[in-house]
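Residue numbers (this note's numbering): 1 to 472. For each residue, glycine too, the CB sits at the ideal point set by N, CA and C. No experiment lies behind these values; they were computed from the predicted model shown. Scroll down for the structure; my scribbles are underneath it.
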Amino acid sequence: MHPAATRYLCTLFALACASSVHSAGNAGRTGPATTFGPVSHAQLGLSNSGNPAAQAYDRSRMDQDDGVIGGLHLGAGLEYGNVSELFDKVDDIADSLLSDSGLAEKNIYNIDFNNPDLNGLVDAIDQEADRVDDLLASIGDSGYANATVNGQIPIVFAADVFGGTLGVEYRYAATASAVALPELLNFDTQAALTALQTAFDPNNPQTSYDLTGGVTLAVDPLTGDVAIGFDNDSTLLTRAAKISEFGVSWSKGLNMSGGKLFFGVTPKYTSMGLSNVASRVGDITDAEELFDDIRDASFKTEGKIGLDAGLLWVAQNYRLGVTGTNLLEPSFKFPALDTSGFTNPAITAQLAALETYTLERQFTLEGGLFTADHQWSLNIAYDTQAITDPIGKEAQWLSISGGWHSDNFWLPNVRLGYHKNQTGSELGYYAFGLTLFGYVNLDLGYSPDKVTIDGDSLPRGASASLGFNFGF
């Protein structure tokens with residue numbers, strides 16, 4: 001596996017195995033839903049769509065010999081922003097920014113004390129400022145990397161409960177991400193030249209100069225080498241979430257003219273552990289090691305009650321549904337960050353605004369066409385509005401998928417899907433899945449967009465899920 005991917009996934013598995021905190025939730029799909037998306041496809045024992053009404057629909061198709069149907073699925077995924085060599089760029093920027101020591105360290109010029117060219121020195125500073133500003137702007141627009149590990153255990157019971165269907169589900173997710181919060185330099189060449197002309201004495205050169213705009217120069221009196229450092233609060237924010245969610249659903253179907261209407265609700269308990277580490281870019285020596293910092297950081301954990309609800313209309317050859325998730329919109333707090341070392345109020349305000357995370361209410365529409373024997377299906381799902389996940393990524397997904405169900409034990413079920421984030425990263429994913437021997441599910445997804453990491457061209461996103469269905 002690629003070294004960067006290995007680091008992120010090792011961090012996530014450490015999060016997932018941490019004994020002090022439980023977690024999980026809506027931070028990624030597992031099992032056949034990786035390919036199908038959030039649709040009640042009816043091509044396996046469980047639709048696993050997230051629609052509470054689908055469990056009564058699944059029960060209506062159960063084998064009469066089964067008292068319980070369910071599944072166990074595990075998954076993992078990586079996604080990068082559209083910035084090649086993100087961590088190398090952060091490390092590069094760090095070399096030009098002042099650290100806590102206040103020392104300028106990056107050589108940009110050599111001055112001749114006998115014939116000093118201050119205009120040339122300021123031009124060199126300006127070029128370096130422009131270069132750093134360009135890097136800051138690029139990582140600020142789309143500089144992030146995140147990884148996710150998740151699991152899911154859904155179960156539906158055949159017994160009639162209060163005239164309807166009872167189901168339970170446990171979800172777990174651990175996710176970590178690094179995102180840049182840049183402060184542009186806005187270097188003023190004329191002000192810097194004026195300050196330098198006032199302070200510079202070629203007969204008695206100083207070893208350091210504090211110019212306007214937070215620019216510090218360090219001059220070697222023996223060689224004339226000039227090092228630069230910009231006082232800047234650009235920040236790399238590393239965040240992690242561990243979310244566990246347990247829900248008990250009740251659903252029921254009503255026979256109507258032309259089809260059947262299913263409705264359901266899922267009261268649930270969500271335990272969310274959140275952690276964050278804010279590092280001034282100038283203090284960073286190895287950006288990738290920040291994932292080690294977030295792994296070792298303490299988590300603030302809270303538990304809240306939530307509610308999902310759904311409707312599903314099923315006719316002979318088509319299906320329509322709507323799901324409302326997180327209808328109560330519970331909120332959770334990140335640990336407070338120490339911003340005493342920051343001077344830019346815009347950066348501290350951004351950090352303060354990110355201290356609260358709300359599981360936002362979202363509605364998802366679904367539809368599907370299928371043959372009478374459910375051997376073939378074509379599905380679509382669409383989130384009606386964008387939401388933000390615990391690590392700050394916006395998502396609003398459109399999913400299109402299709403599947404072929406095999407009645408032969410030796411021939412696998414086959415499914416294909418395409419998923420497009422309509423906001424945020426705007427990434428698209430192709431997905432492919434198989435169900436082997438009627439029970440084992442393998443699903444893979446990848447983005448055709450590429451990014452360069454450690455010199456290698458990689459997909460900007462990739463995911464994998466492995467699991468199995470059961471019935472007894």
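Whole-Å CB distance - residue i paired with residue j, under 8 Å assumed
i           : j           : result
residue 211 : residue 195 : 5 Å
residue 274 : residue 332 : 6 Å
residue 188 : residue 213 : 5 Å
residue 40  : residue 57  : 6 Å
residue 314 : residue 260 : 5 Å
residue 44  : residue 379 : Not a contact, Cβ separation roughly 13 Å.
Burial state of residue i (16 or more Cβ within 10 Å)
i           : result
residue 412 : buried
residue 125 : buried
residue 385 : exposed
residue 463 : buried
residue 248 : exposed
residue 152 : buried
residue 198 : exposed
residue 64  : exposed
residue 472 : exposed
residue 230 : buried
residue 377 : buried
residue 226 : buried
residue 426 : exposed
residue 390 : buried
residue 460 : buried
residue 245 : buried
residue 27  : The predicted position of residue 27 is uncertain, since its pLDDT is 38 and thus under 50; a value taken from the coordinates is nonetheless stated next. Buried.
Collapsed DSSP secondary structure at residue i in the structure displayed
i           : result
residue 278 : strand
residue 439 : coil
residue 457 : strand
residue 128 : helix
residue 335 : coil
residue 207 : coil
residue 452 : strand
residue 36  : helix
residue 425 : coil
residue 375 : coil
residue 330 : coil
residue 213 : helix
residue 348 : helix
residue 283 : helix
residue 394 : strand
residue 365 : strand
residue 384 : coil
residue 198 : helix
residue 191 : helix
Proximity test, residue i beta-carbon vs the ligand ATP heavy atom, cut-off 7 Å
i          : result
residue 92 : Questions concerning the ligand ATP fall outside what the structure shown contains, since it holds no ligand whatsoever.
Below-8 Å beta-carbon distance, residue i vs any chain B residue
i          : result
residue 64 : No chain B appears in the structure shown, which is made up of a single protein chain.
Check whether the region 104-124 touches the region 143-156, taking contact to mean three or more Cβ pairs, one atom from each stretch, closer than 8 Å. With the cut-off at 8 Å, the region 104-124 and the region 143-156 do not touch.
Flag this pair as touching only if the region 81-94 and the region 164-177 have three or more C-beta atom pairs under 8 Å; answer yes or no. The region 81-94 vs the region 164-177: no contact.
Flag this pair as touching only if the region 317-333 and the region 354-372 have three or more C-beta atom pairs under 8 Å; answer yes or no. Contact annotation: the region 317-333 touches the region 354-372, with at least three C-beta pairs closer than 8 Å.
Below 8 Å, how does it come out for the region 408-425 and the region 389-399: are there three or more Cβ pairs, yes or no? Yes, since at least three Cβ pairs between the region 408-425 and the region 389-399 fall closer than 8 Å, the two stretches touch.
With a floor of 3 residues, list each beta strand (DSSP E) that falls wholly inside the region 116-189, ordered by position along the chain. Runs of the beta strand (DSSP E) lying entirely within the region 116-189 and spanning at least 3 residues, in chain order: 144-161, 164-181.
Could you tell me which whole beta strand (DSSP E) segments of length 3 or greater appear in the region 224-258? Those beta strand (DSSP E) runs which fall completely within the region 224-258 and span 3+ residues are 225-230, 235-256.
Is the region 265-280 touching the region 299-306 in the sense that three or more CB pairs, one from each, lie closer than 8 Å? The region 299-306 vs the region 265-280: in contact.
Give, in chain order, every unbroken run of the beta strand (DSSP E) that is at least 3 residues long and sits entirely within the region 51-116. 68-80, 106-110, all fully within the region 51-116.
Taking contact to mean at least 3 C-beta pairs separated by less than 8 Å, is the region 40-56 in contact with the region 122-137? Judged by Cβ distances under 8 Å, the region 40-56 makes no contact with the region 122-137, as fewer than three pairs qualify.
Residue ranges of each alpha helix (DSSP H) within the region 289-328, 4 or longer: As summarised for the region 289-328, the continuous alpha helix (DSSP H) elements at least 4 residues long and confined to that stretch are 290-296, given in chain order.
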